[in-house]
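Novice: In UniProt numbering, the protein residues as written are 1 to 273.
1) Please report the distance separating the alpha-carbon of residue 17 from that of residue 162.
2) Can you have a look at residue 73 and say buried or exposed, based on whether 16 or more other CB atoms are within 10 angstroms of its CB?
3) Please confirm if the region 85 to 99 is in contact with the region 137 to 152, defined as three or more CB-CB distances below 8 Å between the two stretches.
4) Which residue spans inside the region 106 to 132 form an unbroken beta strand (DSSP E) run of at least 3?
5) Which same chain residues end up closer than 6 Å to residue 142 when comparing Cβ atoms and leaving out the 5 residues on each side of it in sequence?
6) Determine the burial state of residue 53: buried for a count of at least 16 other Cβ atoms within 10 Å of its Cβ, exposed for fewer.
7) With H, G and I counted as helix, E and B as strand and the rest as coil, what does DSSP make of residue 251?
8) Have a look at 191, 110, 64 and 190 and flag the residue whose alpha-carbon is nearest the alpha-carbon of residue 208.
9) Any idea if residue 3 is buried or exposed, counting beta-carbon neighbours within 10 angstroms, 16 or more meaning buried?
10) Can you tell which of 76, 41 and 65 has its C-alpha closest to the C-alpha of residue 196?
11) How many angstroms separate the CA atom of residue 155 from the CA atom of residue 133?
12) Counting only runs of 4+ residues fully inside the region 44 to 93, write out the alpha helix (DSSP H) ranges in chain order.
13) DSSP on residue 25, reduced to helix/strand/coil?
14) Among all the DSSP beta bridges, which residues are the ones paired with residue 7?
15) Taking residue 165 as part of the beta strand (DSSP E), name the residues at either end of that continuous run.
16) In whole angstroms, what is the alpha-carbon distance linking residue 108 and residue 37?
17) Between residue 113 and the rest of its own chain, which residues show a CB-CB distance below 6 Å, the 5 nearest in sequence each way excluded?
18) Taking the alpha-carbon of residue 14 as reference, which of 200, 194, 202 and 205 has the nearest alpha-carbon?
19) Could you check where the alpha helix (DSSP H) with residue 197 kicks off and where it finishes?
20) So, at 6 Å on beta carbons, what are the nonlocal neighbours of residue 12 in its own chain, with the 5 sequence-adjacent residues on each side left out?
21) Which same chain residues, not among the five before or five after residue 55, have their C-beta less than 6 Å away from its C-beta?
22) In terms of residues, what are the limits of the alpha helix (DSSP H) holding residue 156?
23) Give me the Cα-Cα distance between residue 192 and residue 121, rounded to the nearest whole angstrom.
24) In this structure, does DSSP put residue 103 in helix, strand or coil?
25) Since residue 105 and residue 66 should fall inside the 8 Å C-beta cutoff, what is the C-beta to C-beta distance between them, to a whole number of angstroms?
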């Protein structure tokens with residue numbers, strides 16, 4: 001981009017969102033952020049005259065979505081509220097309100113960040129991810145279902161506009177581990193690397209109308225540091241459901257990618273530069 005674009009960022013104070021905002025501002029662009037606690041965002045990214053903060057929540061039905069997207073070039077959603085999504089599809093409801101306003105305003109592109117454990121529309125999860133979703137991540141069921149409803153809505157009713165779904169894998173705090181690229185394997189990345197990938201992805205014309213990324217994020221090298229995944233050197237065995245046993249080791253040498261059913265979407269490789 002040679003000009004200064006205006007990004008509307010939803011979920012701007014979250015794990016990935018705060019890094020995305022910082023990167024976009026550092027590139028000389030402008031950000032409009034809808035956040036529940038403006039003070040939190042200011043503390044995370046600092047003062048910047050190109051940052052426009054709008055106090056508010058997506059659950060507030062009085063928000064003027066036409067005004068929210070006025071003059072915006074790119075809308076980026078990194079929303080996620082696990083507790084609220086247990087009982088309601090809050091993201092889906094808001095996206096359905098937002099899309100007509102984006103059409104009317106002429107927003108160039110919409111990027112929605114889901115999770116790698118959210119099933120792509122008309123697709124399936126690999127057996128490995130299915131097992132993780134219904135065991136380790138079973139508390140996030142409502143969030144997955146909300147993300148899946150957004151993907152279905154965009155795929156069935158949003159093809160007249162440019163959208164991308166980034167199905168990000170497991171994220172963690174910490175410094176950058178390298179550069180994320182497309183792949184077909186499994187791994188973990190830091191929030192800052194996910195933000196960098198999303199920043200590139202929203203500008204990628206070839207990614208439009210794709211449920212991008214998906215399953216997980218792979219480190220090209222094996223994991224020397226198992227703490228990235230929240231593990232110690234001891235293998236973890238999951239016995240429920242009884243017919244699924246997942247062994248997660250520090251190096252993942254026991255789980256080569258060829259033994260995992262290929263997913264129905266584009267994935268990401270975390271290549272260390």
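We put the CB at the ideal spot given by N, CA and C, even for glycine.
Specialist: A quick look at the data gives this:
1) Numbered from its first residue, the chain shown carries residue 17 at position 17. Numbered from its first residue, the chain shown carries residue 162 at position 162. The alpha-carbon atoms of residue 17 and residue 162 are separated by roughly 21 Å.
2) Stepping through the chain shown from its first residue, residue 73 is reached at position 73. So residue 73 ends up on the buried side.
3) yes
4) Listed in chain order, they are 109 to 115.
5) What you label residue 142 is simply residue 142 of the chain shown in a count that begins at 1. Closer than 6 Å at Cβ, skipping near neighbours: 85 and 86.
6) The residue you call residue 53 lines up with position 53 of the chain shown. So residue 53 counts as buried.
7) For the purposes of this step, residue 251 is identified with residue 251 of the chain shown, where counting begins at 1. Note on residue 251: pLDDT 28, under 50, position unreliable in the model; the coordinate value appears next. Residue 251 falls in the coil class under three-state DSSP.
8) The residue labelled residue 208 in the question sits at position 208 within the chain shown. For residue 208, the nearest C-alpha among the options comes from 110.
9) Reading the chain shown from its first residue, position 3 is the one you call residue 3. Result: exposed.
10) In the chain shown, counting from the first residue as 1, residue 196 sits at position 196. Ranked by how close their Cα comes to the Cα of residue 196, the residues 76, 41 and 65 have 76 in first place.
11) As a first step, residue 155 is located in the chain shown; it is residue number 155 there, counting from the start. As a first step, residue 133 is located in the chain shown; it is residue number 133 there, counting from the start. Using only the alpha carbons, I get a separation of about 23 Å.
12) Here the runs fully enclosed are 65 to 69 and 82 to 85.
13) Translated into the one-based positions of the chain shown, residue 25 becomes position 25. Here residue 25 sits in helix by DSSP.
14) Looking up residue 7 in the chain shown gives position 7. 31 and 74, per the DSSP bridge assignment.
15) Residue numbering aside, residue 165 sits at position 165 when the chain shown is read from its first letter. In the DSSP assignment, residue 165 falls within the unbroken beta strand (DSSP E) covering 163 to 168.
16) In the chain shown, the residue the question calls residue 108 occupies position 108. In the chain shown, the residue the question calls residue 37 occupies position 37. Rounded to the nearest angstrom, the two C-alpha atoms are 27 Å apart.
17) By 1-based counting over the chain shown, the position of residue 113 is 113. Cβ within range, chain order: 78, 166 and 168.
18) Locating residue 14 in the chain shown gives position 14, where the first residue counts as 1. Ranking the options by Cα distance to residue 14, first place goes to 194.
19) Counting from one through the chain shown, the residue named residue 197 turns up at place 197. Element bounds for residue 197: 191 to 201.
20) One-based indexing of the chain shown puts residue 12 at position 12. Excluding residues within five positions, the ones whose Cβ falls inside 6 Å are 21, 33, 35 and 41.
21) Start at 1 with the first residue of the chain shown, and residue 55 comes out as number 55. Closer than 6 Å at Cβ, skipping near neighbours: 38.
22) The residue labelled residue 156 in the question sits at position 156 within the chain shown. Start and end: 141 to 157.
23) Within the chain shown, residue 192 is the residue found at index 192, counting from 1. Within the chain shown, residue 121 is the residue found at index 121, counting from 1. A straight-line Cα-Cα distance of about 27 Å links residue 192 and residue 121.
24) To locate residue 103, count along the chain shown from 1; it is residue 103. The answer is helix: DSSP assigns residue 103 an H, G or I state.
25) Along the chain shown, one-based indexing puts residue 105 at 105. Along the chain shown, one-based indexing puts residue 66 at 66. That pair is a contact at about 7 Å.
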